[in-house]
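Colleague: Before we start, here is the structure in question, set down as structure tokens.
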Amino acid sequence: MEQTTTAAIHHDTHAGGGVKEIWKVTIILSVLTAVELALGFWMMGITNEMERHFIKGAIIILMLAKAFYIVGYFMHLRNEIKNLIMTIVVPLILFVWFIIAFLTDGHSYNNLKNNYSPAYQERSKQQMPKKEEKPESTNPAEK
Amino acid sequence: MATTTATATKYWSGGKSPFNVEYGKLMMWYFLMSDAFTFGAFLISYGTTRFATNGWPNPNEVFSSYPFKPEGSAPAPLVFVSFMTFVLIISSVTMVLAVHAGHNMEKKKVVFYLILTILGGLTFLGCQAWEWTHLYHEGAWWGRNPFANADGTLSTTNFTNFFFTITGFHGFHVFSGVIINIIMLIMTLRDKFEKRGHYLMIEKAGLYWHFVDLVWVFVFTCFYLI
Numbered sequence: 003m004e005q006t007t008t009a010a011i012h013h014d015t016h017a018g019g020g021v022k023e024i025w026k027v028t029i030i031l032s033v034l035t036a037v038e039l040a041l042g043f044w045m046m047g048i049t050n051e052m053e054r055h056f057i058k059g060a061i062i063i064l065m066l067a068k069a070f071y072i073v074g075y076f077m078h079l080r081n082e083i084k085n086l087i088m089t090i091v092v093p094l095i096l097f098v099w100f101i102i103a104f105l106t107d108g109h110s111y112n113n114l115k116n117n118y119s120p121a122y123q124e125r126s127k128q129q130m131p132k133k134e135e136k137p138e139s140t141n142p143a144e145k
Numbered sequence: 199m200a201t202t203t204a205t206a207t208k209y210w211s212g213g214k215s216p217f218n219v220e221y222g223k224l225m226m227w228y229f230l231m232s233d234a235f236t237f238g239a240f241l242i243s244y245g246t247t248r249f250a251t252n253g254w255p256n257p258n259e260v261f262s263s264y265p266f267k268p269e270g271s272a273p274a275p276l277v278f279v280s281f282m283t284f285v286l287i288i289s290s291v292t293m294v295l296a297v298h299a300g301h302n303m304e305k306k307k308v309v310f311y312l313i314l315t316i317l318g319g320l321t322f323l324g325c326q327a328w329e330w331t332h333l334y335h336e337g338a339w340w341g342r343n344p345f346a347n348a349d350g351t352l353s354t355t356n357f358t359n360f361f362f363t364i365t366g367f368h369g370f371h372v373f374s375g376v377i378i379n380i381i382m383l384i385m386t387l388r389d390k391f392e393k394r395g396h397y398l399m400i401e402k403a404g405l406y407w408h409f410v411d412l413v414w415v416f417v418f419t420c421f422y423l424i
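Sequence order for the protein chains is A and B. Per the numbering used here, the very first residue in the first sequence carries number 3; after that it's consecutive. Per the numbering used here, the very first residue in the second sequence carries number 199; after that it's consecutive.
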């Protein structure tokens, strides 16, 4: 990067740890993925809703950690100057509102349907017919 | 501001890029940010729908096969998708190595790592094509959902609609990433960057490729794990 297109760009802030760092991050990402998968396998045998939510929370935290390593190290955002980091990261804060607002809304909609829509309650209790051997041409899950 | 100290570079006083990156790279970042919002909107609408529904199919029952799986063997949840995830992570690593080699002006290494990255991308696409075909033959497609909810109740087509739309949109990104990397490879082989004196273009392609990997981290977690 010493050969820049624009003379005005200073690459003094750059660097990072080179190939060594790349392998370190690779190992971290692989370990995080392995832990995620282990949690996923572990969760299959668990029926307690509370425990399942807990594990899902852990998986989401690991997911965010992976995102941090990919963006920070592979995409070198950590080594950019603060101005650039802020212009990328600050707008993403919108996601916090986005997630809270929409998931709450979905949850509330489900409550409304469960409380006030007899048709919805009826449908939620209906068992899916067992799958036959030959695939049907018609849509088994109507509306 | 930090620029008040005497030694700090005054990025806002004119004459230089306040973000200290070239134009193309900055625009790539902004594009990726907008793309992040697109994927975020998809995933959040998926989450909202899931929260607004009483039952949901169990991903461990739906995604429990892999190519050449012996007939009648026990379901193998998470196995195939783990493989896909690792393929994408490794292809991201080879991309970083290509970018790094570009910094050092090592053309041969750039070519080598770009080829590995392209192969990784193609492997991932192949896996996805297999998975889609498999699900299609099980009767799943947009508007069709053969899988019951985890508790055996009647499911809706939301599950398959979101699955095919989101993994399809991601797969399309992988596809365009592979095309971009192939173009980078051709440009490298034709000494475009050597003549230019820098490999900054590879860096921009790399940003895009890492973003594709990043999105998969989220898609993988949302659809297969939780």
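Every residue gets a Cβ at the ideal spot worked out from N, C-alpha and C, and that includes glycine.
Can you list, in chain order, the stretches of the alpha helix (DSSP H) that have 4 or more residues and sit fully within the stretch 254–287 of chain B?
Modeller: Listed in chain order, they are 257–260.
Colleague: Check the Cβ of K127/A against every Cβ in chain B and list those closer than 8 Å, keeping chain order.
Modeller: Correct list: T351.
Colleague: Less than 8 Å between the beta carbons of T35/A and I287/B, yes or no?
Modeller: Against a cut-off of 8 Å, the Cβ pair of I287/B and T35/A comes out as a contact.
Colleague: By the 10 Å Cβ neighbour count, where 16 or more other Cβ atoms means buried, how is I102/A classified, buried or exposed?
Modeller: Classification of I102/A: exposed, given that the 10 Å Cβ count is below 16.
Colleague: Taking DSSP as the reference, what is the three-state secondary structure of T351/B?
Modeller: Strand.
Colleague: For chain A, check one thing: does any of its Cβ atoms lie closer than 8 Å to the Cβ of Y311/B?
Modeller: No, no contact with chain A.
Colleague: Between S290/B and chain A, is any beta-carbon pair separated by less than 8 Å?
Modeller: Output row for S290/B: interface = yes.
Colleague: Kindly indicate which residue of S290/B, T354/B, A338/B and K306/B has the alpha-carbon position closest to the one of R125/A.
Modeller: Checking every option, the nearest Cα to that of R125/A belongs to T354/B.
Colleague: L383/B and V291/B: beta carbons closer than 8 Å?
Modeller: Their beta carbons are not under 8 Å apart, which means L383/B does not touch V291/B by this criterion.
Colleague: Could you name the residues that DSSP lists as bridge partners for W339/B?
Modeller: BP columns for W339/B point to R342/B.
Colleague: Am I right that H408/B and F76/A are in contact with their C-beta atoms under 8 Å? What's the rounded C-beta distance?
Modeller: Rounded, the Cβ-Cβ distance is 5 Å, consistent with contact.
Colleague: Check each candidate in H371/B, F362/B and P275/B and name the one with the smallest Cα separation from F322/B.
Modeller: When each option's Cα is compared against that of F322/B, the closest is H371/B.
Colleague: For N359/B, which residues from the same chain have a beta carbon less than 6 Å from its beta carbon, with the 5 sequence-adjacent residues on both sides left out?
Modeller: Around N359/B: W340.
Colleague: Tell me whether the stretch 273–282 of chain B and the stretch 379–398 of chain B touch, counting them as touching only if at least three CB pairs, one residue from each stretch, are closer than 8 Å.
Modeller: Flag = no, the stretch 273–282 of chain B and the stretch 379–398 of chain B do not touch.
Colleague: Could you check which residue in A296/B, F284/B, P257/B and A299/B has the C-alpha nearest to that of I424/B?
Modeller: Closest option to I424/B, Cα to Cα, is P257/B.
Colleague: Just to confirm, is the Cβ distance from N85/A to Y209/B under 8 Å?
Modeller: It is a contact, given that the beta carbons lie within the stated cut-off.
Colleague: Taking C-alpha atoms, which residue in E38/A, T28/A and H78/A lies nearest to L224/B?
Modeller: For L224/B, the nearest C-alpha among the options comes from H78/A.
Colleague: Determine the DSSP secondary structure at Q128/A, reduced to helix, strand or coil.
Modeller: It is coil, neither helix nor strand.
Colleague: Can you tell me whether S289/B is buried or exposed? The criterion is at least 16 other CB atoms within 10 Å of its CB, across all chains shown.
Modeller: Buried, because 16 or more other Cβ atoms sit within 10 Å of the Cβ of S289/B.
Colleague: For F56/A, go through chain B and note every residue whose CB falls closer than 9 Å to its CB, in chain order.
Modeller: The premise fails here: F56/A is roughly 12 Å from chain B at the closest Cβ pair, so nothing lies under 9 Å.
Colleague: Can you give me the start and stop residues for the alpha helix (DSSP H) that T403/B sits inside?
Modeller: Strictly speaking, residue 403/B in this sequence is Ala, with Thr absent from that position. Unbroken alpha helix (DSSP H) run through A403/B: L398 to F418.
Colleague: In or out: M130/A buried (at least 16 other Cβ within 10 Å) or exposed?
Modeller: Buried: at least 16 other Cβ atoms inside 10 Å.
Colleague: What is the residue span of the alpha helix (DSSP H) that M303/B lies within?
Modeller: Run containing M303/B: none; DSSP gives neither H nor E here.
Colleague: Once you ignore the five residues that flank V413/B on each side, which residues in its own chain have a CB closer than 6 Å to its CB?
Modeller: If we look at V413/B and ignore the five residues flanking it on each side, its Cβ neighbours are F237 and H368.
Colleague: If you pair each beta-carbon of the stretch 107–125 of chain A with each one of the stretch 245–255 of chain B, do three or more pairs fall below 8 Å?
Modeller: Output reads yes: the stretch 245–255 of chain B touches the stretch 107–125 of chain A.
Colleague: Look at the alpha carbon of E401/B and the alpha carbon of M226/B, and state the distance between them as a whole number of angstroms.
Modeller: Computed Cα separation, rounded: 10 Å.
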